[in-house]
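Chemist: Count the sequence shown with the working numbering and you get residues 3 to 404, in order.
The beta-carbon is built from N, C-alpha and C at its ideal position, and this holds for glycine as well.
First the structure, which I've put down as structure tokens, then a few questions once you've had a look.
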Amino acid sequence: MKPDAAPQAFLDAVDADTMLREVQDWAAINTGTGNLDGLATMASKLADAFSQLPGEVELVDPATVAAISAEGREFAKPHGRHMVLRVRPEAERRFVLTGHMDTVFPADHPFQGVSWLDDETINGPGTADMKGGLDVILHALKLFETTEGASRVGYDVMINSDEETGSLASRGLIEELARGKYAALTYEPSALPDGTLAHARGGTGNYSITITGKSAHAGRNPQDGRNAVVAASDLVLRVKALEAEDITVNPAKIEGGAANNVVPDLAILRFNIRPKSTDAMERFDGELNAILRLIEAEHEVGVHRHGGVTRPPKPVDAKAQRLFDLVKNCGAQLGQQIGWKSTGGVCDGNNIAATGVPVVDTMGVRGGAIHSPNEFMIVPSLRERAALSALVLTRLSTGDPL
3 MKPDAAPQAF LDAVDADTML REVQDWAAIN TGTGNLDGLA TMASKLADAF
53 SQLPGEVELV DPATVAAISA EGREFAKPHG RHMVLRVRPE AERRFVLTGH
103 MDTVFPADHP FQGVSWLDDE TINGPGTADM KGGLDVILHA LKLFETTEGA
153 SRVGYDVMIN SDEETGSLAS RGLIEELARG KYAALTYEPS ALPDGTLAHA
203 RGGTGNYSIT ITGKSAHAGR NPQDGRNAVV AASDLVLRVK ALEAEDITVN
253 PAKIEGGAAN NVVPDLAILR FNIRPKSTDA MERFDGELNA ILRLIEAEHE
303 VGVHRHGGVT RPPKPVDAKA QRLFDLVKNC GAQLGQQIGW KSTGGVCDGN
353 NIAATGVPVV DTMGVRGGAI HSPNEFMIVP SLRERAALSA LVLTRLSTGD
403 PL
């Protein structure tokens with residue numbers, strides 16, 4: 003296909019029937035982040051599918067991830083392997099396209115099947131978030147490879163197994179593949195069913211604070227104990243008080259405790275923060291350390307901090323805005339109205355943006371109700387979004403719009 007081919011030619015070339023069959027097949031495989039067998043099956047299918055493209059496909063072992071158990075002990079949390087495709091690594095101009103194979107639905111969740119809601123909409127786990135998006139990547143690249151400009155550029159595709167839990171086992175891989183790239187596209191579903199893109203994003207951080215007190219009999223000698231639950235409750239109020247216009251704090255769970263007649267010697271507080279800026283993120287980190295020292299001193303307990311910010315805030319700078327404008331322009335050529343809005347949600351686009359690479363991270367299908375049994379995908383968007391990405395990649399490979 004010539005670089006100046008009419009946009010309609012991109013739409014006409016998309017094999018929409020095959021795309022739909024593939025999404026239905028992939029959605030039938032349970033890939034909850036903890037379902038290692040399901041993820042292995044999915045990774046194998048993806049490796050076979052993406053081997054249709056030039057380059058080398060590799061299944062990459064996950065990085066080691068430490069977590070805190072309900073007993074307050076650190077343990078290694080297992081994850082599935084990630085799929086990476088590298089095409090023309092010697093090219094001077096290269097892109098990165100990312101997606102995730104995992105879903106939020108564990109193997110024992112009742113939401114497992116795919117059904118039709120109407121003539122243009124299917125309901126199923128991961129159809130929108132984001133097995134539909136993975137298929138958009140595949141078919142957009144197959145279409146892009148038919149253009150004259152494709153041979154002049156290269157790209158990496160990374161599909162991880164742990165995005166839904168923060169990409170802790172793939173963060174290093176994402177950043178490694180993103181560095182030095184000309185542009186990045188990530189295939190989360192659109193922010194709204196009409197195709198609206200997510201623009202600037204806040205960040206997120208997850209914390210587990212383990213508090214170790216001293217047990218004692220609640221009736222005979224409570225004064226000899228050091229109540230870890232009381233210390234954790236005090237900590238909840240103090241971290242919640244750090245909320246401001248540019249950051250929210252969500253205390254989510256206190257674990258631990260003991261029998262009613264025992265002063266509890268263990269409590270674990272788990273909470274999430276959503277900073278809107280890097281300044282807010284860094285300010286919270288310093289204030290939290292000061293509070294933990296205070297809790298330790300006032301309650302005479304041990305305090306161990308685990309976790310932190312996993313996805314920094316994602317502002318949109320001038321270069322990233324030019325990429326958004328390019329996507330909008332390509333959409334207009336295809337008869338698609340593309341807009342955008344800022345959001346408090348996060349994704350791997352946050353981590354890519356932190357490397358300085360411009361990224362649009364909602365290039366996947368149109369759909370909605372993600373993370374619920376009502377999740378749906380608008381079927382015509384498979385064709386629309388594959389053509390959109392192919393046209394965007396063609397523009398990026400034949401000009402210098404950024």
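Tell me which residue opens and which closes the beta strand (DSSP E) that residue 68 is part of.
Modeler: Along the sequence shown, read from residue 1 onward, the residue named residue 68 stands at position 66. Boundaries of the beta strand (DSSP E) harbouring residue 68: 68-70, taken from the DSSP string.
Chemist: Since residue 258 contacts residue 246 with CB under 8 Å, what's their CB separation in whole angstroms?
Modeler: Residue numbering aside, residue 258 sits at position 256 when the sequence shown is read from its first letter. Residue numbering aside, residue 246 sits at position 244 when the sequence shown is read from its first letter. Not a contact, Cβ separation roughly 29 Å.
Chemist: Only counting runs of 4 or more residues, tell me where the alpha helix (DSSP H) segments fall wholly within the stretch 217-259, in order along the chain.
Modeler: 230-242
Chemist: What residue ranges within the stretch 263-313 form continuous alpha helix (DSSP H) runs of no fewer than 4 residues, ordered along the chain?
Modeler: 280-301
Chemist: So if DSSP puts residue 162 in a beta bridge, which residue, or which two residues, is it bridged to?
Modeler: For the purposes of this step, residue 162 is identified with residue 160 of the sequence shown, where counting begins at 1. 102, per the DSSP bridge assignment.
Chemist: Give me the Cα-Cα distance between residue 40 and residue 115, rounded to the nearest whole angstrom.
Modeler: Taking the sequence shown and counting its residues from 1, one reaches residue 40 at position 38. Taking the sequence shown and counting its residues from 1, one reaches residue 115 at position 113. Their Cα atoms are separated by approximately 14 Å.
Chemist: For residue 159, which of 31, 100, 113, 249 has the nearest alpha-carbon?
Modeler: Walking along the sequence shown from the start, residue 159 turns up at place 157. Taking only the C-alpha atoms, the option nearest residue 159 is 100.
Chemist: Pull the bridge partners of residue 155 from the DSSP assignment, please.
Modeler: What you label residue 155 is simply residue 153 of the sequence shown in a count that begins at 1. Answer is 95, bridged to residue 155.
Chemist: Kindly provide the ranges of any beta strand (DSSP E) runs that are 3 or more residues long and lie completely inside the stretch 17-93, ordered along the chain.
Modeler: 58-62, 68-70, 76-78, 84-89
Chemist: Please report the distance separating the alpha-carbon of residue 400 from that of residue 108.
Modeler: Against the sequence shown, residue 400 aligns to sequence position 398. Against the sequence shown, residue 108 aligns to sequence position 106. Their backbone Cα atoms lie some 43 Å apart in a straight line.
Chemist: Taking just the CA atoms, how far does residue 84 sit from residue 5?
Modeler: Residue mapping note: residue 5 aligns to position 3 of the sequence shown, counting from 1. Residue mapping note: residue 84 aligns to position 82 of the sequence shown, counting from 1. Here the model assigns residue 5 a pLDDT of 48, short of 50, so the residue's position is not dependable, and the following value carries that caveat. For residue 5 and residue 84, the distance between alpha carbons rounds to 33 Å.
Chemist: So the beta strand (DSSP E) residue 378 belongs to, where does it begin and stop?
Modeler: Translated into the one-based positions of the sequence shown, residue 378 becomes position 376. Unbroken beta strand (DSSP E) run through residue 378: 378-380.
Chemist: State the beta-bridge partners of residue 369 as determined by DSSP.
Modeler: In the sequence shown, residue 369 corresponds to position 367, counting from 1. According to DSSP, which records beta bridges pairwise, residue 369 is partnered with 379.
Chemist: Report the rounded CA-to-CA distance for residue 171 versus residue 373, giving the unit in angstroms.
Modeler: For the purposes of this step, residue 171 is taken as residue 169 along the sequence shown, with counting starting at 1. For the purposes of this step, residue 373 is taken as residue 371 along the sequence shown, with counting starting at 1. About 21 Å.
Chemist: If you count every other CB in all the chains shown that lies within 10 Å of the CB of residue 192, and 16 or more means buried, which is it?
Modeler: Sequence index remark: in the sequence shown, residue 192 carries index 190 (1-based). So residue 192 counts as buried.
Chemist: To the nearest angstrom, how far is it from the Cα of residue 386 to the Cα of residue 150?
Modeler: Translated into the one-based positions of the sequence shown, residue 386 becomes position 384. Translated into the one-based positions of the sequence shown, residue 150 becomes position 148. Between residue 386 and residue 150, the C-alpha separation is close to 21 Å.
Chemist: Consult DSSP for residue 143 and reduce its assignment to one of helix, strand or coil.
Modeler: Here the question's residue 143 lines up with position 141 in the sequence shown. Reduced to three states, the DSSP call for residue 143 is helix.
Chemist: In angstroms, rounded to a whole number, what distance separates the CA positions of residue 165 and residue 220?
Modeler: In the sequence shown, the residue the question calls residue 165 occupies position 163. In the sequence shown, the residue the question calls residue 220 occupies position 218. So the two alpha carbons sit approximately 44 Å from each other.
Chemist: DSSP three-state call for residue 176: helix, strand or coil?
Modeler: Position 174 of the sequence shown, counting from 1, holds the residue named residue 176. Helix.
Chemist: Would you kindly report the start and end of the unbroken beta strand (DSSP E) that includes residue 207?
Modeler: Within the sequence shown, numbered from 1, the residue matching residue 207 stands at position 205. From DSSP, the beta strand (DSSP E) with residue 207 extends over 206-214.
Chemist: From the DSSP secondary-structure annotation, give me the bridge partner or partners of residue 186.
Modeler: For this step, residue 186 is matched to residue 184 along the sequence shown. DSSP, once it has assigned bridges, lists 98, 361 as partnering residue 186.
Chemist: Just reading off the beta strand (DSSP E) that residue 316 is part of, what are its end residues?
Modeler: Position 314 of the sequence shown, counting from 1, holds the residue named residue 316. Counting along the chain, residue 316 falls outside any beta strand (DSSP E), and DSSP gives it neither H nor E.
Chemist: Note the first and the last residue of the continuous beta strand (DSSP E) segment covering residue 120.
Modeler: For the purposes of this step, residue 120 is taken as the residue at position 118 of the sequence shown. 117-120 is the extent of the beta strand (DSSP E) around residue 120.
Chemist: How far does the alpha helix (DSSP H) with residue 13 in it reach, from first residue to last?
Modeler: By one-based count along the sequence shown, residue 13 stands at place 11. Start and end: 9-15.
Chemist: Give me the Cβ distance between residue 190 and residue 381, rounded to the nearest whole Å; I'm assuming they're in contact under 8 Å.
Modeler: For the purposes of this step, residue 190 is taken as the residue at position 188 of the sequence shown. For the purposes of this step, residue 381 is taken as the residue at position 379 of the sequence shown. With a Cβ gap of about 18 Å, residue 190 and residue 381 do not count as contacting.
Chemist: Compute the Euclidean distance between the alpha carbons of residue 324 and residue 312, then round it to the nearest angstrom.
Modeler: Within the sequence shown, residue 324 is the residue found at index 322, counting from 1. Within the sequence shown, residue 312 is the residue found at index 310, counting from 1. In a straight line, the C-alpha of residue 324 is about 26 Å away from that of residue 312.
Chemist: Identify, in the order they occur along the chain, each residue of the same chain with its Cβ nearer than 6 Å to the Cβ of residue 292, setting aside the five sequence neighbours on each side.
Modeler: Counted from its first residue, the sequence shown places residue 292 at position 290. Excluding residues within five positions, none has a Cβ falling inside 6 Å.
Chemist: Across which residues does DSSP place residue 203 in a beta bridge pair?
Modeler: Position 201 of the sequence shown, counted from the first residue, corresponds to residue 203. DSSP, once it has assigned bridges, lists 316, 345 as partnering residue 203.
Chemist: Evaluate the contact criterion for the stretch 54-70 versus the stretch 120-134: three or more CB pairs, one atom per stretch, below 8 Å.
Modeler: no
Chemist: Leaving out the 5 sequence neighbours to the left and right, which residues in its chain are closer than 6 Å to residue 88 when beta-carbon positions are compared?
Modeler: As a first step, residue 88 must be located in the sequence shown, where it is residue number 86. Non-local C-beta neighbours of residue 88 in its own chain, meaning closer than 6 Å and more than five positions away in sequence, comprise 57, 58, 158, ordered along the chain.
Chemist: Can you give the beta carbon distance from residue 351 to residue 214, rounded, assuming they're within the 8 Å contact cut?
Modeler: Along the sequence shown, read from residue 1 onward, the residue named residue 351 stands at position 349. Along the sequence shown, read from residue 1 onward, the residue named residue 214 stands at position 212. Not confirmed; about 38 Å, so no contact.
Chemist: Taking C-alpha atoms, which residue in 355, 288, 297 lies nearest to residue 2?
Modeler: A query on residue 2 cannot be resolved here, the shown segment of the chain reaching from 3 to 404 and no further.
Chemist: According to the neighbour-count rule (16 or more other Cβ atoms, all chains shown, within 10 Å of its Cβ), is residue 183 buried or exposed?
Modeler: For this step, residue 183 is matched to residue 181 along the sequence shown. It counts as buried.
Chemist: Would the stretch 197-211 and the stretch 358-369 be scored as touching if the rule is three or more Cβ pairs under 8 Å?
Modeler: yes
Chemist: Of the choices 50, 129, 105, whose alpha-carbon is the least far from that of residue 25?
Modeler: As a first step, residue 25 is located in the sequence shown; it is residue number 23 there, counting from the start. When each option's Cα is compared against that of residue 25, the closest is 129.
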